[in-house]
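As numbered in mature numbering (1 follows the signal peptide of the UniProt record, and there is no 0), residues -24 to -1, 1 to 315 make up the sequence shown, in order. Built from N, CA and C at the ideal position, the CB exists for glycine as well. Just below is one structure, and these are the notes that go with it.
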Amino acid sequence: MIYNITRSICILALFLVMSCQDHIIPAPPAPALTPRTLATNLVAPISVETDASGRVFVAEQGTGHNDGSVSEITQDGVRHPIITNIYSVTNTEGDLDAVDHLLVVEGTLYFLNPKGLYKFDLSTYKTGASPIMASSLIPEDIRKFVLAYNFTNDTGESHLYNLTQGPDGALYITDAAANAIIRRSKTGELSVVTEVPGIVNPNPAGPPPGPPFIQAVPTSITHDGRQFLITTLLGFPFPAGRSIVYQMDLSGKLTIYQQTFNSLVDVENDGNGKPLVLEFALFGPMGFTPNTGRLLRANGTSSTVLLDKLNMPTDLKISNTHTAYITSMGDGALLKITF
């Protein structure tokens, strides 16, 4: 099996989102920013999103028993399920196929899953209302389109992972297994924007030994007001310092912004024209190493560490000029950062 995002993130665990120009994380004070835990006992949290009113939503992948969910987390740390029993299974290779990232656009909550793209009208939801079953929603089967597409470097797989809205109103989706960016127009038409290239393995002999060519595994995508930013996690053996932040225009042309990172899972705009990137973990002899995740501000050549010792973080959301959130897969927690 091609080393896709499920392999990458679920290897030791059960295993963007748009940001506005006025959502600014200032230069970090000394010491670095310190997050506090807002919610715990989350089951494989993979994504965090907020709406215009500041409500916080979290997607949990579950345990592989069709128990994925999307919930609101209120500021007292209470979890209020909105959508439950989302498809979540452990596949034949022991990886988890489950709900992935969230996006709120104009009052609609979108989320991705192997079954497709789901939509939920937030105007119908009130905090504390009884949750609905995922089976009551009808997904758009984008995976079928991807698997049928004749890619130049065809992996024969699809894993819809993250999404953002572009300046043209379309949704742009990362497929971490097909190594591609998929565009869904406002009227639902699908097209492939670009294929994201992998890299030559810098040390195929290891340790650990690996394939001569490493898959890109594109994870997050956002639009910073000028171009898209895309991150790669890279597949096995997840080489340190090789993950890439790409810039992409509307035609799909890719250019490397910076290649100095470890297993990237998210990118956001800091409001000052610099990407904030989230590293999942370092890969070591025993797999992904707990408490080695980081949040960094990139500048094209080097980076400033804003937070370190994060435990397998999976998603970052800048909510406003004073607040950000991070999901921690390793801790089963939602972290809140106030600055």
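Which runs of the beta strand (DSSP E), 3 residues or longer, sit entirely within the segment 14 to 100?
Runs of the beta strand (DSSP E) inside the segment 14 to 100: 21 to 26, 32 to 36, 44 to 49, 55 to 62, 78 to 81, 84 to 89, 92 to 97.
Our contact map puts residue 170 next to residue 228 with C-beta atoms below 8 angstroms; I'd like the distance itself, whole angstroms only.
3 angstroms
So, at 7 angstroms on beta carbons, what are the nonlocal neighbours of residue 146 in its own chain, with the 5 sequence-adjacent residues on each side left out?
Excluding its 5 nearest sequence neighbours in each direction, residue 146 has C-beta neighbours in its own chain below 7 angstroms: 159, 160, 161, 162, listed in chain order.
Specify the secondary structure class of residue 120 as computed by DSSP and reduced to three states.
helix
Can you tell me the Cα-Cα spacing of residue 141 and residue 179, whole angstroms?
37 angstroms
Please name the residue or residues paired with residue 199 in a DSSP beta bridge.
204
Residue range of the beta strand (DSSP E) that includes residue 236
230 to 237
Buried or exposed: which applies to residue 234, given that a residue is buried once 16 or more other Cβ atoms fall within 10 Å of its Cβ?
buried
On the three-state DSSP scale, how would you describe residue 219?
strand
Run of the beta strand (DSSP E) containing residue 316, from where it starts to where it stops:
No answer is possible for residue 316: the residues shown for the chain start at -24 and end at 315.
May I have the straight-line CA-CA distance separating residue 302 from residue 165, to the nearest angstrom?
32 angstroms
Quick check: the segment 101 to 117 against the segment 200 to 218, are there 3 or more CB pairs under 8 angstroms?
no
In the DSSP output, what is residue 287 paired with across the bridge?
Bridge partners of residue 287: none, in fact.
At what residues does the beta strand (DSSP E) containing residue 151 begin and finish?
147 to 151
Per the DSSP calculation, residue 304 is bridged to which residue(s)?
289, 309
For residue 192, the three-state DSSP class (helix, strand or coil)
coil
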